[in-house]
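Worksheet for the structure shown next.
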Amino acid sequence: MAYSSDTTLLHHKTEFDDWRSLSIGIYMALAGYAVMVGLPVISTSWVGNLGFTEEQVGRVAGADLGGLAVGAVIAALLVARMDRRLLTVISAVIAITANLACIYYQSYEATLWLRLVAGIGAGIYTGIAVATIGGHSRPAFAFGMELFAFAGSQGAELKFLPMLSIEGMYIAFALTFVVGLLFISWLPRRPVEKALEVELDVEEPSGAHHSEQRSVPAYVPWLVLSAVVFTYINIGGYWAYVELATVNSEASPDWVASMLVYTSVFSVIGCLFAVLLSNRFGLARPLLVTLVIQAGIVAMLVFGITNTTVAISMFAFNFCWIFVDIYQAATIANVDHTGRYVALLPAAQGLGNFLGPNVAASTLAYGLGYHGVFIMCATASIVAMLVYGYMYLSLRRSIPALADAS
Numbered sequence: 472m473a474y475s476s477d478t479t480l481l482h483h484k485t486e487f488d489d490w491r492s493l494s495i496g497i498y499m500a501l502a503g504y505a506v507m508v509g510l511p512v513i514s515t516s517w518v519g520n521l522g523f524t525e526e527q528v529g530r531v532a533g534a535d536l537g538g539l540a541v542g543a544v545i546a547a548l549l550v551a552r553m554d555r556r557l558l559t560v561i562s563a564v565i566a567i568t569a570n571l572a573c574i575y576y577q578s579y580e581a582t583l584w585l586r587l588v589a590g591i592g593a594g595i596y597t598g599i600a601v602a603t604i605g606g607h608s609r610p611a612f613a614f615g616m617e618l619f620a621f622a623g624s625q626g627a628e629l630k631f632l633p634m635l636s637i638e639g640m641y642i643a644f645a646l647t648f649v650v651g652l653l654f655i656s657w658l659p660r661r662p663v664e665k666a667l668e669v670e671l672d673v674e675e676p677s678g679a680h681h682s683e684q685r686s687v688p689a690y691v692p693w694l695v696l697s698a699v700v701f702t703y704i705n706i707g708g709y710w711a712y713v714e715l716a717t718v719n720s721e722a723s724p725d726w727v728a729s730m731l732v733y734t735s736v737f738s739v740i741g742c743l744f745a746v747l748l749s750n751r752f753g754l755a756r757p758l759l760v761t762l763v764i765q766a767g768i769v770a771m772l773v774f775g776i777t778n779t780t781v782a783i784s785m786f787a788f789n790f791c792w793i794f795v796d797i798y799q800a801a802t803i804a805n806v807d808h809t810g811r812y813v814a815l816l817p818a819a820q821g822l823g824n825f826l827g828p829n830v831a832a833s834t835l836a837y838g839l840g841y842h843g844v845f846i847m848c849a850t851a852s853i854v855a856m857l858v859y860g861y862m863y864l865s866l867r868r869s870i871p872a873l874a875d876a877s
């Protein structure tokens, strides 16, 4: 059944709109994603300080980010049923313990399993964080704020992590969870609305308005989550190997290191443009274009890695990364205020980040080189665009207000 296009989504303010709720949700998300953000630096440290091979780096990174996916699934199962503060404490203890254990057990096998456990703790923690942010009545704004903070913290993290030993990195990650627990009273305990229902403001031919409840097809969040997986196969593969790929290239190591820092700050501009474009064109259409552009950004490294191509690729990649995250997160949040599906976002991201480095590692193991890695990454971004495009066209026929929601 198709609905009139003369409709808009309605959201009502709740305790999730309180600045304290949004603030703790954003902080927890930054802490939960810290390893993912610092992956280029951590990967290099695993090679330089612990003697891991390039293939082993891919496996360890995949374990950490795969654990993030597992933890987020656990969060999705419990976040609408269990006291979120208690769940947060449990997840933080898991992450803190595993990170500190990595200091004392540094073999490849021990690190592999400990990073998996740390990832699970971080995944539960991040799932709660994202569900809290997604409960805001203006999800695109809330996720825009989160990613604005994310962009700044990303630059700071990539600036200061190289100054630390691998042990110092593990301690820093543990401390971020400790700080979050100090403000746990700001975290709402329970959701307030039902999943997969939207309220529409319908304009009648006479000009009068009334509101209607609509059930959202179950395939909507699952298609978005599928697109997120493919998006993060691209992101995970690119981010795990982009620095290592430049080692024997024409690019200067110092230049590459500086670009990792400065281009991440450029994501702040991406936040502003993403919100402005969403207000004008909705969420879906800018996302479709961005995924195609991101594929081209990654594929350009196939044709040569120089100081110029590295700078262009990293600047554009970070700019587009922010676009994709805001639009995908806000799309799910528009239909799910319980946090059940929103909490699966880190799971989809973690699964993609698990597959990305591992597929990239296998690509290198088969002798296809970094050209093969970047082709794989670009292909994953195009697949994400096709999945999301199918969902958008389906919603245009059923609930246009949701398809073009900002």
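Heads up: take any position in the sequence shown, counting from 1, add 471, and you land on my numbering.
In this text, a Cβ means the ideal position worked out from N, Cα and C, and glycines have one as well.
This structure is a prediction, so every number in the text was calculated from the model and none was measured.
Check                                                                                                                                                           : Outcome
Does DSSP put Asp807 in a helix, in a strand, or in coil?                                                                                                       : strand
Any contact between the stretch 633 to 653 and the stretch 845 to 864? By contact I mean 3 or more CB pairs, one from each, below 8 Å.                          : no
Whose C-alpha, out of Phe845, Ala832, Val854 and Val560, is nearest the C-alpha of Val528?                                                                      : Ala832
Taking only three categories from DSSP, how would you classify Thr485?                                                                                          : coil
Applying the criterion that 16 or more other CB atoms from any shown protein chain within 10 Å of the CB defines a buried residue, is Tyr576 buried or exposed? : exposed
Please state the DSSP three-state secondary structure of Pro828.                                                                                                : helix
Rounded to whole angstroms, what's the CA-CA distance from Leu536 to Trp726? Just pull it up for me.                                                            : 27 Å
Can at least three beta-carbon pairs, one atom from the stretch 797 to 806 and one from the stretch 608 to 618, be found at a separation below 8 Å?             : yes
What does a CB cutoff of less than 7 Å around Val773 pick up in its chain, not counting 5 residues either side in sequence?                                     : His842, Phe845 and Ile846
What are the boundary residues of the alpha helix (DSSP H) that Phe631 is part of?                                                                              : Pro610 to Phe631
Taking only three categories from DSSP, how would you classify Leu635?                                                                                          : coil
Kindly indicate the opening and closing residues of the alpha helix (DSSP H) around Leu536.                                                                     : Glu525 to Leu549
Does the stretch 640 to 649 come within contact of the stretch 819 to 833, defined as at least 3 CB pairs closer than 8 Å?                                      : no
Alpha carbons only, please: which of Tyr596, Thr702 and Leu816 is nearest the one belonging to Leu758?                                                          : Thr702
What are the boundary residues of the alpha helix (DSSP H) that includes Tyr517?                                                                                : Note on residue identity: the sequence assigns Trp, not Tyr, to residue 517. Taken as a continuous stretch (DSSP letters only), the alpha helix (DSSP H) holding Trp517 covers Leu510 to Leu521.
Is Arg586 helix, strand or coil when you go by DSSP?                                                                                                            : helix
By alpha-carbon positions, which one of Gly496, Val506, Leu857 and Tyr498 ends up nearest to Ala698?                                                            : Leu857
Compute the Euclidean distance between the alpha carbons of Ser562 and Gly775, then round it to the nearest angstrom.                                           : 43 Å
Residues in the same chain with beta-carbon distance under 6 Å from Thr485, minus the five sequence neighbours each way, listed in chain order, please.         : Val663
Using the beta-carbon count (16 or more within 10 Å), is Thr524 buried or exposed?                                                                              : exposed
Considering only residues of the same chain and omitting the five flanking positions on each side of His607, which have a CB-CB separation below 7 Å?           : Phe487, Asp488, Leu493 and Ala613
Quick one: measure Cβ to Cβ for Glu882 and Thr515, integer angstroms, because I've assumed they're closer than 8 Å.                                             : Absent from the structure is residue 882, since the part of the chain shown begins at 472 and ends at 877.
Sort Tyr641, Asp807, Trp584 and Ala540 by Cα distance to Thr597 and report the nearest one.                                                                     : Ala540
Under 8 Å by Cβ, that's how I've got Val769 and Cys848 pegged, so tell me the actual separation to the nearest angstrom.                                        : 5 Å
Just the Cα atoms here: how many angstroms apart are Trp517 and Gly821?                                                                                         : 20 Å
Taking a contact to mean a Cβ-Cβ separation below 8 Å, would you say Thr559 touches Ile655 in this structure?                                                   : yes
From Val687 to Ala505, what distance separates their C-alpha atoms?                                                                                             : 33 Å
Chain D beta carbons: is any one of them nearer than 8 Å to that of Glu580?                                                                                     : Absent from the structure: chain D. Only one protein chain is present.
Arg530: buried (16+ other C-beta within 10 angstroms of its C-beta) or exposed?                                                                                 : buried
Here's the rule I'm using: 16 or more other beta-carbon atoms within 10 Å means buried, otherwise exposed. How should Thr779 be labelled?                       : exposed
Throw me the rounded Cβ distance for the Gly590 and Gly538 pair, which I believe falls under 8 Å.                                                               : 2 Å
First and last residue of the alpha helix (DSSP H) that includes Trp490?                                                                                        : Trp490 to Gly503
Quick check on DSSP: helix, strand or coil for Leu866?                                                                                                          : helix
What does the alpha-carbon distance come out to for the pair Arg879 and Pro692?                                                                                 : There is simply no residue 879 to check, as the chain begins at 472 and stops at 877 in what is shown.
Going by C-alpha distance, which of Gly823, Ala855, Thr802 and Leu839 is nearest Pro610?                                                                        : Thr802
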